[in-house]
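Beneath this line is the structure, given in structure tokens, with notes to follow.
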Amino acid sequence: MRTHLEFRSTEFPPMPGEEGQINAGRYGRRLANLLSQELPQQGFEVTAVTPEDWGWRIDIESETFPLWIGCGNYEEYEDGFLCFIEPSRPWIRRRLMRVSTTTTVERLARAIDSILAGSGKADHMRWWTEAEALRG
1331 MRTHLEFRST
1341 EFPPMPGEEG
1351 QINAGRYGRR
1361 LANLLSQELP
1371 QQGFEVTAVT
1381 PEDWGWRIDI
1391 ESETFPLWIG
1401 CGNYEEYEDG
1411 FLCFIEPSRP
1421 WIRRRLMRVS
1431 TTTTVERLAR
1441 AIDSILAGSG
1451 KADHMRWWTE
1461 AEALRG
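The opening residue of the sequence shown carries number 1331 in my numbering; numbering runs sequentially from there.
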């Protein structure tokens, strides 16, 4: 299941004042803005975009389970970024039942991939293996 996408880009520099909303050296608001604007055309309703210590969280409407995307700069590269989908496991427990997340998460992964590849703003896109995502 694809849940972590790293890529490189010079198109998403920090926005003025962004450092005051999240931890120093972290940014990704421009990336979160792009995804939140384009996801509705891919069939996903964005309910919120909020700052976190590590970057930006994009909440997605989902009746079955909580669904969101985290995004921010990725310090492995000077121009690196990382998007990750939660839940990142193929199933979750909800009301004492086991609920599969695979179909919805994979559809969201395809949407993110399509948005970034189609934007022309992302290079060297690479989805992490399951083992890499677990080490994350």
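For every residue, glycine included, the Cβ atom is placed at its ideal position computed from N, Cα and C. This structure is a prediction, so every number in the text was calculated from the model and none was measured.
Residue i to residue j span [Cα, whole Å]
i: Pro1417; j: Leu1397; result: 6 Å
i: Thr1380; j: His1454; result: 27 Å
i: Glu1349; j: Trp1384; result: 11 Å
i: Asp1409; j: Arg1338; result: 5 Å
i: Arg1437; j: Met1427; result: 22 Å
i: Gly1347; j: Pro1370; result: 27 Å
i: Arg1419; j: Ser1430; result: 9 Å
i: Gln1367; j: Val1376; result: 8 Å
i: Glu1382; j: Glu1405; result: 17 Å
i: Ile1442; j: Glu1391; result: 15 Å
i: Phe1414; j: His1334; result: 4 Å
i: Glu1341; j: Val1435; result: 26 Å
i: Met1464; j: Met1345; result: It should be pointed out that residue 1464 corresponds to Leu in this sequence rather than to Met. For Leu1464 and Met1345, the distance between alpha carbons rounds to 30 Å.
i: Phe1374; j: Asp1389; result: 10 Å
Neighbour-count burial assignment, residue i, 16 or more Cβ in a 10 Å radius
i: Leu1361; result: buried
i: Gly1358; result: buried
i: Arg1356; result: buried
i: Leu1446; result: buried
i: Thr1433; result: exposed
i: Asn1403; result: buried
i: Arg1421; result: The amino acid at residue 1421 is misidentified as Arg; the sequence shows Trp. Per the 10 Å Cβ criterion, exposed.
i: Gly1400; result: buried
i: Leu1412; result: buried
i: Ala1354; result: exposed
i: Ala1452; result: buried
CB of residue i within 8 Å of CB of residue j, strictly
i: Arg1440; j: Glu1336; result: no
i: Ser1449; j: Leu1364; result: yes
i: Arg1425; j: Phe1395; result: no
Residues that residue i bridges to, as DSSP identifies them
i: Glu1336; result: Leu1412 and Arg1456
*Which runs of the beta strand (DSSP E), 3 residues or longer, sit entirely within the stretch 1374-1447?*
1376-1381, 1386-1390, 1397-1403, 1410-1416, 1421-1424 and 1427-1430
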